[in-house]
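4 protein chains.
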Amino acid sequence: MSTAKKDHIITTAIELFAEKGFEGSSIRDLATRADVNVAMVNYYFGSKDKLFEAIVEHKAAFMRGKLDEIAANPKLDELEKMNLVIENYVEKVLSQPSFHKILYQELLRAERQTMHDNIIRIFVKNTQTVREIIEQGIKKKIFRKVDPQLTVASMMGTINQVMLSKAMCAMLLEGNKSFSPYTDPAFKTRLIKHIKQVMHAHLLQK
Amino acid sequence: MSTAKKDHIITTAIELFAEKGFEGSSIRDLATRADVNVAMVNYYFGSKDKLFEAIVEHKAAFMRGKLDEIAANPKLDELEKMNLVIENYVEKVLSQPSFHKILYQELLRAERQTMHDNIIRIFVKNTQTVREIIEQGIKKKIFRKVDPQLTVASMMGTINQVMLSKAMCAMLLEGNKSFSPYTDPAFKTRLIKHIKQVMHAHLLQK
Amino acid sequence: MSTAKKDHIITTAIELFAEKGFEGSSIRDLATRADVNVAMVNYYFGSKDKLFEAIVEHKAAFMRGKLDEIAANPKLDELEKMNLVIENYVEKVLSQPSFHKILYQELLRAERQTMHDNIIRIFVKNTQTVREIIEQGIKKKIFRKVDPQLTVASMMGTINQVMLSKAMCAMLLEGNKSFSPYTDPAFKTRLIKHIKQVMHAHLLQK
Amino acid sequence: MSTAKKDHIITTAIELFAEKGFEGSSIRDLATRADVNVAMVNYYFGSKDKLFEAIVEHKAAFMRGKLDEIAANPKLDELEKMNLVIENYVEKVLSQPSFHKILYQELLRAERQTMHDNIIRIFVKNTQTVREIIEQGIKKKIFRKVDPQLTVASMMGTINQVMLSKAMCAMLLEGNKSFSPYTDPAFKTRLIKHIKQVMHAHLLQK
DNA sequence: CATGAATGAGAGTTCATTCAT
DNA sequence: AATGAATGAACTCTCATTCAT
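Protein sequences appear in the order of chains E, A, B and X. Numbering of the first sequence is given in the working numbering, commencing with residue 8 and proceeding in unit increments. Numbering of the second sequence is given in the working numbering, commencing with residue 8 and proceeding in unit increments. Numbering of the third sequence is given in the working numbering, commencing with residue 8 and proceeding in unit increments. Numbering of the fourth sequence is given in the working numbering, commencing with residue 8 and proceeding in unit increments.
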């Protein structure tokens, strides 16, 4: 079936784009790496641009869903929701560092409006869900009167900061470039713990 | 003198690369925009890659200096230093959004080891200075026993998060894509205030 | 039976080639338009080139036959024969403008010797039949001593000239690009009348 | 200077396109034949399509001018004008058989609206000039009341008919494929004589 | 010191064709 | 008998770079 090969191309493309960037990667590179014919990418996806869109679409579902579920759960108070959001978000990002990189690379580029807008849509969606949790918490006086939007930026920004470059992250944490933080379970625990601690201190009434 | 022309090319290149990315920009585009001959870039800088290095070098000085000065000032306690660092960093980043974009684009790419390493060096340098302030504050019991590295990540990450995309930042803050946050003085104040608030809550003993 | 499908492909191909030219048409275009599988053309005809040959062969019979019949009819004198030839030729060409276009496109190309020769054979055959009528008329002193070959060229050339481009023909006749001369019965009458008039004036003794 | 090389490319392209058609010719073929770099065509002309436009423009001037001059000459009556038009047109077409082929190939294709329209414009211009001469002749009662538009078609069509294919023309005239009619001065005389004869018989009052 | 012309390599894409089913 | 998947070759075009002047 063709889905297997399409998925294989997508998986390989995510790695390649994460390494070399979208513009920096050639279809020939991709074909060689994925061990398929050069014409396959255009055959399956129509164009290099549409391959990118397919990647985003392929992975977007994975990024959605869980956050809304958490936000909608009536059994949880806002602090519990924030804790779950943090755990969930860190988990997701660390499990797909390459895809995360691609999204951010594209976000940093002003060109290609359509794709840019698609990606923004994904981010804005996630961001708003978290913002609403915070606003709800403020309304209920569980949280202090913080800046909701920028609080989301702090939460996500912390994670993104360590995802910028494996080498840099490794150096900052261990002073050792070859350390692999993204696959180290201790790092995940440490990151979650830190973000929770920052958010608690920031959000909770003294 | 040729320095003026070189600077002009560098300035134009920063804008162009921020818009279209390094790979997405052609030397012809750049030459047209800067109103110089196509051969000038190679003539002055040797190659497109070396132009990038020149950009980084050119601006790196600007990013350095002030932080060390703050850190070394014996008249300030660690909290005051952190406040100044935050103000200074926000100021710098917002005054050069294009250059900031380029650095982060390059950082997100694993390729081009030399350049990657150069950029990492700049970041690590800045990061370490801030980390040392925090560690000093902890030692002096002014600050709580936080995770110094990740605290720096939170501080810088918050700023970077809003710098990712003008359009996204505008949407998140105002729900309006055409709002220009980077040049809005109110936004700067708001951002500094927020980061200080987060850092204070996080760092200070209850 | 497969003949129906082959004919369907041929008919569709004639339209397509007339519009976009042989080289400008892709087998995929053709397959989509004819609503058959991409592999069908090669399956039925062996190759794109052989499809062209099949088209020519398929239609060649239609172009032959009638002229010989007219030429061989002992009950007609040469002037009557010329009149019938004119009527018959105009009729045929106007009824198959697309096929006529394809033949002339190919004729204008020096390449593809085999195909070129095939088409030339069809033309030369028709031409010679008409030339013989004229030569016979001259011999019988019904016609003046004209240049037989070039007289045929004038007759056929007049028709071909208006068949070159529907848009141009329409403009020349009506100053209106959207007029459809090839399907207008009045135009056929007008064309036949004109050619007869030219030929009569040219061929007949004063 | 660059004009020499541009002209060289144009000249080579005219030959190539006449042989293989526009779509059938590749830029690589052209570059090899003209002994220039593959990138030169795009460098000089922007694209393959624009090269075609450049060819048309380059030669269009050559096709214009003389006809208008003849038509406007007050010293000539309409019959003399027609004679000169015939001589002039045959002369021009025979001197540039390849370019003539290209124009007609393109005219036979329905696609590429812009180019089609450009070529139609050239033709319509020439055609109208001749038509006006005929209409003037009719008005002055020098000519019979013929169909002006189709009379032009007969004149031009006769020439075009022999220009369709060198091989076919040679066969029709001499029964010998290798005869080179376009460069044979006797053929030119013969063609002019024939067309004049046809036009005189057709146009003049008995 | 500066430039317009020129180049070879490689980009994305399309093509006619083949092959396993 | 018929097809969707797959392919390698070739296409136009753009690129960073070089070179003669």
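Note that beta-carbon positions come from the ideal geometry of N, C-alpha and C, so glycine has one too.
Answer with buried or exposed for residue i, where buried requires no fewer than 16 other C-beta atoms within 10 angstroms of its C-beta.
i              : result
M8 (chain B)   : Low confidence applies to M8 (chain B): its pLDDT is 49, below 50, so where it sits in the model is not reliable enough to give any reading.
S161 (chain E) : buried
K12 (chain A)  : exposed
V205 (chain B) : buried
P188 (chain E) : buried
K108 (chain A) : buried
S54 (chain E)  : exposed
N167 (chain A) : buried
F52 (chain X)  : buried
V45 (chain E)  : exposed
G164 (chain A) : buried
T10 (chain E)  : exposed
A68 (chain B)  : exposed
Q156 (chain E) : buried
K88 (chain E)  : buried
K148 (chain X) : exposed
K82 (chain A)  : exposed
Measuring CB to CB, does residue i end up less than 7 Å from residue j?
i              : j              : result
L171 (chain A) : L179 (chain E) : no
D154 (chain A) : H201 (chain E) : yes
L198 (chain E) : V97 (chain E)  : yes
I145 (chain X) : K152 (chain X) : yes
A28 (chain X)  : Q112 (chain X) : As written in the sequence, residue 28 (chain X) is Gly, which differs from the Ala given in the question. Contact: yes.
T136 (chain E) : A78 (chain E)  : yes
E76 (chain A)  : Q143 (chain A) : no
A61 (chain B)  : E26 (chain X)  : no
K184 (chain E) : A193 (chain E) : no
K203 (chain E) : I93 (chain E)  : yes
L23 (chain B)  : S33 (chain B)  : no
N133 (chain X) : L74 (chain X)  : yes
I21 (chain A)  : F130 (chain A) : no
I16 (chain E)  : A41 (chain E)  : yes
L58 (chain A)  : V48 (chain A)  : yes
In chain A, what lies closer than 7 Å to residue i by C-beta?
i              : result
F130 (chain E) : M175
Y51 (chain E)  : Simply none; closest approach about 23 Å.
Cβ closer than 8 Å: which chain B residues qualify as neighbours of residue i?
i              : result
I127 (chain X) : S172, A174, M175, M178
H123 (chain X) : S172, A174
Just list the residues that DSSP pairs residue i with in beta bridges.
i              : result
L171 (chain B) : Paired residue(s): none; L171 (chain B) is not in a bridge.
L5 (chain X)   : Any property of residue 5 (chain X) remains undetermined from this structure, which presents chain X solely from 8 to 213.
What does residue i reach in chain E if we use C-beta pairs closer than 9 Å?
i              : result
Y189 (chain A) : Residues of chain E passing the Cβ test: none, with the nearest at roughly 12 Å.
Along chain B, which residues have their Cβ under 7 Å away from the Cβ of residue i?
i              : result
V169 (chain X) : A160
Please list, in chain order, the chain E residues whose beta carbon lies closer than 7 Å to that of residue i.
i             : result
E30 (chain A) : G28, E30, G31
Taking Cβ-Cβ distances shorter than 8 Å, what residues in chain E pair up with residue i?
i              : result
T165 (chain A) : L157, A160, S161, G164, T165
Check: For the stretch 147-161 of chain B, which residues have a CB atom closer than 8 Å to at least one CB atom of chain X, in sequence order?
Finding: V153, D154, Q156, L157, T158, V159, A160, S161
Item checked: Interface positions of the stretch 131-146 of chain A facing chain E (Cβ-Cβ less than 9 Å), listed along the chain -> V131, T134, Q135, R138
Margin query: Please list, in chain order, the residues of the stretch 194-211 of chain E that have any C-beta partner in chain A closer than 8 Å.
Written below: R197, L198, K200, H201, I202, Q204, V205, A208, H209
Checklist line | Chain-ordered residues of the stretch 58-88 of chain E with a beta carbon less than 9 Å from chain A | finding: none
Next item on the list: Could you list the residues in the stretch 91-107 of chain A with a C-beta less than 7 Å from some C-beta on chain E, going in chain order?
Entry: none
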